[in-house]
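As you go down the protein sequences, you meet chains A and B in turn.
The first sequence begins at 45 in my numbering and counts up by one.
The second sequence begins at 1014 in my numbering and counts up by one.
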Amino acid sequence: MARFVLRRIAFMLITFWVVISVAFLLLRLAPGGPFDGDRRMPPEVEANLLNAYNLDEPLYIQYGRYVWDLLRFDLGPSIKHHDFTVSELIAAGLPVSLTVGALALVIALVLGVPIGSIAAFRHNSWLDNCLSSSTTFGLALPPIVTGPLFVLLFAVMLQWLPAGGMDSASSLILPSIALAIPHAAAIAKLMRGSCIDTLGQNHILTARSKGLNSVRLAIHHVLPSAMIPVLSFLGPAAATLIAGSLVIEEVFSLPGLGRYFVQGALNRDYTLVMGGVVVYAGLILLLNFVVDTLYFRFDPRIRSQKQSEAL
Amino acid sequence: MKSTKQGFGLRLALGTLVCVLVLVVLGPMVLPWEYQEIDWDNINQAPSMDHWFGTDASGRDVLTRTLVGGRVSLIVALLATCVSFLIGVPWGATAGLVGGRADQFMMRIVDGMYALPFVLIVILLVVLFGRNVYLLFVGLGAVSWLDISRIVRGQTLVVRNEQYILAANALGASQVWIVWKHVLPNIIGTAFVYATLTIPGVIIAESFISFLGLGIQEPQTSLGVLIADGTKEMHSSPWQLAFPAGFLVITLLALNKVGDVLRDSISGTMER
């Protein structure tokens, strides 16, 4: 176990380092810079500006400086947001983004797992058909469609919930649901498939023939092993949740990290964009690490397989 | 009972896809409006006999724009999928054939890339190198080849251990001959199916990026751009949002359905 965890940590750190380096190089190699405006500025002013942000040094020194600062959790000053450091901007935006993302994940699990399992337990019935159809439909509803639709329906027409901004906790309801729908559908689909597989296995037949009632059967025998594919889905889901959150924050004008990132990308705020990449990549890698470790912990087959691989 | 129902769903999905394709290809040619034709006398018109889907804030016909936008989105998705196919198939096949440490290393790279924020990387690429369509689909393709490469590797491993490969080896066939004549034909079908499965994801990614103003730009248009424009006007003229969004959902629905059926149909051969 410890060996497996250590290997995963090493793998995670290496991936993180590669991502940071590639992003850093891409940003510096691309044509154009943060001070390109419509008006040419005097060369001495530009030189001063570049000097102030250490952009006039050779690339490898800039890179070394960045990595060194990163190790001390210093992401540097924002180039476009004057008087703010990148860390301050992230500290302002990240809690909002994390809350919406976490809420969406919880909603997706709370909806997806029961829908998938009920469909599986009533395999091929009218109920299964209904649930499976709505699952297929949910997969075709990206937040770019549901977001504006929800605003129109629940905020403008029915006026039940705020359309945007961050005035109260109720502002987070619509964004989280819109973000959750495709993930709920994906989880339901996975859950249905793996429940049906599990239900066909011999130990379930044994449990049934012993006269176990279906509720106990579901809770003790089917769900634990059927949940494993769902668990492994959560790692990659982190990346799509983040992509969705960029759109959702735009639609609902939430002051989250996604908006800073997109703005920074648009006006070449190098340090802010790098900060976004650091945070997003870190989050995704961390979640994948947690999921992998849990997976390893909960699936005895993987455990023995991975151990024999590691030896 | 079940199979006829499945068949009906599949036929409906295929029919929808054909309709979508015919509409986006022929529609803009048949319709009397140009997608960038501005008409200041007819801005924000509700759907009518003249403009079936209404007009937008510059008086442009929403139906024509939806079809042209759909066409751009589909082209970007298809080209991106081709790129992912061209990267994923050789990568997976090489890993599967060579095996050993090289295989482990190549698959570790794939594992690592699974944990990357893809859309962010495409956004970075697009912003840094200017917003052109080519970069958009190359970027999208370059980040969506992972599934294909994993599947192809798995298939290659299966095929590699088949009796007829052993027989070909025993008969003295060269490696290149074996790959070309025996391995590729056996994995290409599966690879195509998984390429089909990546299309909806690429369409969604493209629409996200364009929605944020980082992808396709005026005067070009795509479903993401149209939905972004529609969102700005949705309070007063909701049709500008409803039609492009509906078009996107219907296309995704049909693609997902066809993909599901295709995947089910090959899952038998996959589990050998």
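The C-beta atom is built at its ideal place from N, Cα and C for all residues, glycine as well.
The structure displayed is predicted, hence computed values, not measured ones.
- For D313 (chain A), no alpha helix (DSSP H) segment is defined, and its DSSP state is neither H nor E.
- For the 8 Å CB-CB criterion, V1165 (chain B) and V1135 (chain B) do not form a contact.
- Under the 10 Å beta carbon count, M235 (chain A) is surrounded by 16 or more other beta carbons and is classified as buried.
- Around the beta carbon of P1232 (chain B), a 10 Å sphere encloses fewer than 16 other beta carbons of the protein chains shown; the residue is thus reported as exposed.
- At the C-beta level, R1084 (chain B) and V1031 (chain B) stay beyond 8 Å of one another.
- Against S1220 (chain B), the close residues of chain A are P186 and I188, in the order they occur along the chain (beta-carbon pairs closer than 8 Å).
- For the segment 156-189 of chain A, residues whose beta-carbon sits nearer than 9 Å to a beta-carbon of chain B comprise N168, N173, S177, T180, F181, L183, A184, L185, P186, P187, I188 and V189.
- By the rule that beta-carbons nearer than 8 Å mark a contact, P1251 (chain B) touches chain A.
- Counting C-beta pairs closer than 8 Å gives fewer than three between the segment 1227-1244 of chain B and the segment 1176-1186 of chain B, which falls short of the contact rule.
- When the beta-carbon positions are compared, A1090 (chain B) and I1212 (chain B) come within less than 8 Å of each other.
- As a beta-bridge residue in DSSP terms, P121 (chain A) pairs with A:T129.
- When the five nearest sequence neighbours on each side are left out, the beta carbons in the same chain lying within less than 6 Å of the beta carbon of F1098 (chain B) are those of A1208, in order along the chain.
- Going by DSSP, S214 (chain A) is part of no alpha helix (DSSP H) at all; its letter is neither H nor E.
- Not flagged as an interface residue toward chain B: V335 (chain A), since no C-beta distance is shorter than 8 Å.
- At least one C-beta of chain A is nearer than 8 Å to the C-beta of G1125 (chain B).
- Closest in alpha carbon position to S178 (chain A), among A:S141, A:G145, A:I231 and A:S258, is A:I231.
- Within the segment 159-218 of chain A, the runs of alpha helix (DSSP H) that reach at least 4 residues and sit entirely inside it are, in chain order, 170-183 and 187-194.
- R51 (chain A) counts as exposed, since fewer than 16 other C-beta atoms from the protein chains shown sit within 10 angstroms of its C-beta.
- A straight-line Cα-Cα distance of about 10 Å links I240 (chain A) and G160 (chain A).
- No Cβ of chain B is located within less than 8 Å of the beta carbon of A148 (chain A).
- Against chain B, the CB of P206 (chain A) has no partner CB under 8 Å away; the residue lies outside that interface.
- Relative to T315 (chain A), the option among A:V274, A:V323 and A:P121 whose CA is nearest is A:P121.
- In the DSSP assignment, D1242 (chain B) forms no beta bridge with any residue.
- Residues of the same chain with a CB within less than 8 Å of the CB of H167 (chain A), apart from the 5 flanking positions on each side, are I240 and L243 in chain order.
- The beta carbon of S238 (chain A) is closer than 6 Å to those of A270 and P273 in its chain, skipping five residues each way along the sequence.
- Of the residues assessed, P139 (chain A) falls on the exposed side of the cut-off, its CB having fewer than 16 other CB atoms within 10 angstroms.
- Residues of chain A with a Cβ closer than 8 Å to the Cβ of G1237 (chain B) are, in chain order, I188.
- Boundaries for Q1230 (chain B): no alpha helix (DSSP H) harbours it, and the DSSP string shows neither H nor E there.
- DSSP, reduced to helix, strand and coil, places D1069 (chain B) outside both helices and strands of the structure shown, so it counts as coil.
- Annotation: the continuous alpha helix (DSSP H) that includes N246 (chain A) extends over N246 to S253.
- For W1053 (chain B) and P1041 (chain B), the gap between their C-alpha atoms comes out near 21 Å.
- Residues of chain B with a Cβ closer than 9 Å to the Cβ of T250 (chain A) do not exist; the shortest Cβ-Cβ separation is about 24 Å.
- Contact of L196 (chain A) with chain B by beta-carbon distance below 8 Å involves M1247, H1248, P1251 and L1254.
- Sixteen is the threshold: when 16 or more other Cβ atoms of the shown chains lie within 10 Å of the Cβ of W1104 (chain B), as they do, the residue is buried.
- For L285 (chain A) against V335 (chain A), the beta-carbon gap comes to about 13 Å, at or over 8 Å, which does not count as contact.
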